[in-house]
Amino acid sequence: MNNFVFYSPTEFVFGKDTEMQVGALAHKYGARKVMIVYGGGSVVRSGLLDRVKKSLQESGVGYCEFGGIQPNPVDTKVYEGIEICRREQVDMMLPVGGGSVIDTAKAIAAGVPYAGDFWDFFIGRAKVSRALKVAVVLTIPAAGSEGSGNSVITKVDTLQKLSLRVPELLRPVFSIMNPELTYTLPPFQTACGVADMMVHIMERYFTNTQDVEISDRLCEGTLTAIIKEAYRLKQNPEDYGARANIMWCGTIAHNGTCGVGCEEDWASHFLEHEISAIYDVTHGAGLSVVVPAWMTFAAEHHPKKVAQFASRIFGIPESEDLEEMALAGVAHLKHFFRYLGLPVNFKELGIEHPDIDRLAENLHRNKGEFVGNYVKLTKENSKEIYRLAL
Numbered sequence: 000m001n002n003f004v005f006y007s008p009t010e011f012v013f014g015k016d017t018e019m020q021v022g023a024l025a026h027k028y029g030a031r032k033v034m035i036v037y038g039g040g041s042v043v044r045s046g047l048l049d050r051v052k053k054s055l056q057e058s059g060v061g062y063c064e065f066g067g068i069q070p071n072p073v074d075t076k077v078y079e080g081i082e083i084c085r086r087e088q089v090d091m092m093l094p095v096g097g098g099s100v101i102d103t104a105k106a107i108a109a110g111v112p113y114a115g116d117f118w119d120f121f122i123g124r125a126k127v128s129r130a131l132k133v134a135v136v137l138t139i140p141a142a143g144s145e146g147s148g149n150s151v152i153t154k155v156d157t158l159q160k161l162s163l164r165v166p167e168l169l170r171p172v173f174s175i176m177n178p179e180l181t182y183t184l185p186p187f188q189t190a191c192g193v194a195d196m197m198v199h200i201m202e203r204y205f206t207n208t209q210d211v212e213i214s215d216r217l218c219e220g221t222l223t224a225i226i227k228e229a230y231r232l233k234q235n236p237e238d239y240g241a242r243a244n245i246m247w248c249g250t251i252a253h254n255g256t257c258g259v260g261c262e263e264d265w266a267s268h269f270l271e272h273e274i275s276a277i278y279d280v281t282h283g284a285g286l287s288v289v290v291p292a293w294m295t296f297a298a299e300h301h302p303k304k305v306a307q308f309a310s311r312i313f314g315i316p317e318s319e320d321l322e323e324m325a326l327a328g329v330a331h332l333k334h335f336f337r338y339l340g341l342p343v344n345f346k347e348l349g350i351e352h353p354d355i356d357r358l359a360e361n362l363h364r365n366k367g368e369f370v371g372n373y374v375k376l377t378k379e380n381s382k383e384i385y386r387l388a389l
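Per numbering that gives the first Met the number 0, the sequence shown starts with residue 0, numbered consecutively.
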């Protein structure tokens, strides 16, 4: 096991009606004025936005609003949000929504105190040294952004989709998680969230680091729970127990718990980021296409951990032929994704003729000569994986 620092200071407030505590919690963490960040009209139509504003008012916390955040969030909204925050003298970001809204709020939080271009942080030109506080009211269990210090933003001009990781400054100070707020999610969106959280775990599970039994078992247990609860949700979307377990799994998947002591991979996420940057597909749906293709490639080149995944997650009988075991696990994973209504190839994703050369070129321009760690991918390897997803 590698040396590690695990720092996860977020206060998670979980359960029914917890959004009514947002004002008291914002006050507790010293907020004088928050910016409520949200996406489309669902938080308005459901009455959630009104409940959040009422709670803030009752606690004497001021607020301004910033809506219209789209899936696959873009830099133009971050710039707009930074200007409003500075003008309104905001001292805490309060995204109400899912990963796109939270990631936008985090990028704004980093950009407000910085004199330069916030994009400097995403391309490694500068490091975040100060940021506004971030707090969350979660409505979509998927990205795990409610418990991580990560943010992913797409630059419109160049179609670069890049991530920023600053756990010491961008982890939310508190996250409100009411599973009932997820009842109205469309089945496809629920399924995309399931895929996203599963792959967050798998990026940590597929590692070459030795003697990480505790991390392996945490990953396997959480993956098994996600699969079980996803089947329950498919049968009954208003099963509170299943919604609660899925919501908490999404947090555990990406707050660092499952990856301590491990060299992580992240090739699948980087491969997918290029797809959603260019073709604007839902991130979780892109992952359900990319991950089986990446696992198929890994089964041929480095099958050990993929075979272990197949055995422990899907009960594939152990044999000396690790590649055969691994491929059987891939087949089971694809069957599970399809059961949830997710695509498992480019055509099902709605992309008839993906520009594989462009995808691979962009990927390695953004990430360098090699991508990932479990199997270090060259540009030709990346092209092969994209072809396996056809």
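Positions of the beta carbon are idealized from the N, C-alpha and C atoms, including for glycine.
Sequence-distant partners of W118 (beyond 5 residues in either direction) whose C-beta falls short of 7 Å from its own C-beta, in its chain, are D74 and K154. Excluding its 5 nearest sequence neighbours in each direction, K304 has C-beta neighbours in its own chain below 6 Å: F205, listed in chain order. Excluding the 5 residues flanking it on each side, E202 has same chain C-beta neighbours closer than 7 Å at E263, D264, W265, S267 and H268, in chain order. If you ignore the 5 residues before and after E18, its C-beta comes within less than 8 Å of the C-beta of L47, R50, V51, S54, V136, I175, N177 and L180, all in its own chain and listed in chain order. Only exposed fits G115, as fewer than 16 other CB atoms lie within 10 angstroms of its CB. Membership of E219 in any beta strand (DSSP E) is not indicated; the residue belongs instead to the alpha helix (DSSP H) covering E212 to Q234. In this structure, the beta-carbon distance from V33 to A25 falls below 8 Å. Remark: three or more beta-carbon pairs, one from each stretch, lie closer than 8 Å, so the region 376-389 and the region 350-362 are flagged as touching. Taking the Cα of A109 as reference, the smallest distance to any Cα among I355, E82, V374 and V95 is reached at E82. Taking the Cα of Q88 as reference, the smallest distance to any Cα among V21, Q209 and R31 is reached at R31. Using a Cβ distance threshold of 8 Å, D195 and L286 count as a contacting pair. Between N207 and A224, the CB-CB gap reaches or exceeds 8 Å. Taken in chain order, the complete alpha helix (DSSP H) segments of 4 or more residues contained in the region 93-122 are 98-110 and 118-121.
Scanning its chain for C-beta atoms nearer than 6 Å, with the 5 sequence neighbours on each side dropped, one finds around A190 the residues L339, G340 and L341, in chain order.
By the neighbour-count definition (other C-beta atoms within 10 Å, threshold 16), K76 is a buried residue. Distances from the alpha-carbon of V165 to those of A327, T256, D102 and P302 put D102 closest. Cβ-Cβ distances below 6 Å link L376 to A266 and V370 in the same chain, with the five nearest sequence neighbours on each side left out; the list follows chain order. With contacts defined by Cβ atoms closer than 8 Å, S58 and A23 form a contacting pair.
The alpha-carbon separation between E273 and D279 amounts to approximately 9 Å. L161 sits in a strand when the DSSP states are folded into three classes. With contacts defined as CB atoms closer than 8 Å, G143 and S214 fail to qualify as a contacting pair. By the CB criterion at 8 Å, H199 and A130 fall outside the cutoff.
Residue pairing by DSSP places S41 opposite no residue, since no beta bridge is assigned to it. Q209 and L184 have their alpha carbons spaced roughly 40 Å apart.
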